[in-house]
Amino acid sequence: MTGYAPPQEPLRILHHDHHLLVLDKPSGLLTVPGKGEHLSDCLIARAQKVFPEALLVHRLDRDTSGVIVFALTKAAQRALSLQFEQRKTKKVYVARLWGRLEQRTGTVDLPLIVDWPNRPRQHVNHETGKPAVTDWRVLRYEQEPTGETTRVRLMPHTGRSHQLRVHMMEIGHPILGDPFYAEGPARDFPRLMLHAESLRVNHPDGGRGVTFKAPVPF
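The opening residue of the sequence shown carries number 1 in full-length UniProt numbering; numbering runs sequentially from there.
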């Protein structure tokens with residue numbers, strides 16, 4: 001990862017209690033450190049400067065923005081991690097896609113696995129891929145100087161690496177600004193147009209359902 005220059009801005013805290021810390025992650029910032037000192041600046045390191053007890057539960061890609069939850073106790077980390085593992089969380093993303101996606105709603109069900117010669121890219125593999133399912137719904141169509149685009153909500157049932165990015169590419173509408181899967185004018189945007197808009201979990205203290213939201217910045 002060359003030219004890593006994450007945005008320098010204060011933590012955007014969406015929620016904080018005795019068990020949870022919910023942040024709005026900016027695009028361009030790693031969730032956890034990469035290999036090497038030049039990749040040490042990341043969201044969890046910044047969070048731990050303010051909340052030393054913050055513990056990792058899940059991740060967002062470097063270029064994806066939006067809602068991410070950290071645990072503030074070991075018990076909360078165990079409870080939340082289990083919810084992600086058992087697919088009991090509900091995640092909703094907003095993305096802008098290249099081209100006009102005519103069908104208003106649909107589901108992509110394509111198994112994914114890492115493309116080893118080209119990692120971190122992922123690809124569809126029906127023999128060795130892990131199940132990956134994404135629902136999508138068109139919000140509206142938008143016009144760019146280079147062509148029409150489609151704003152969608154994406155609801156993943158699984159949490160594979162690059163799942164939303166590969167699934168949208170596979171239906172012919174890559175996410176705008178994607179450095180791995182978009183080409184030509186679709187790639188020429190200032191950021192990856194993918195944002196984790198909301199996350200619903202059961203609170204570790206009592207199990208009630210809570211939803212956290214972050215405004216879409218594009």
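We put the beta carbon where it would ideally sit given N, CA and C, even for glycine.
The closest CA to that of Arg153, considering only Gly129, Gly147, Ala76 and Ala196, is found on Ala196. Closest option to Thr31, judged by alpha-carbon separation, among Pro6, Leu97 and Phe51: Pro6. Secondary-structure assignment with DSSP links Lys35 through no beta bridge to anything. Taken atom to atom, the span from the alpha-carbon of Arg119 to that of Phe180 is near 10 Å. Its chain contains Trp98, Pro174, Ile175 and Leu176 as the residues whose beta carbon lies nearer than 7 Å to that of Ala182, once the 5 sequence neighbours on both sides are disregarded; these appear in chain order. For Pro156, the secondary structure class from DSSP, reduced to helix, strand or coil, is strand. Under the three-pair Cβ rule at 8 Å, the stretch 55-64 counts as touching the stretch 79-89. In the three-state DSSP reduction, Ser81 falls in the helix class (H, G or I).
In the structure shown, Asn202 adopts extended strand secondary structure according to DSSP, grouped into three states.
By the 16-neighbour rule on beta-carbons within 10 angstroms, Trp136 is buried.
In the structure shown, the three-state DSSP call for Lys49 is helix. As the crow flies, the alpha-carbon of Leu112 is around 23 Å from that of Gln103.
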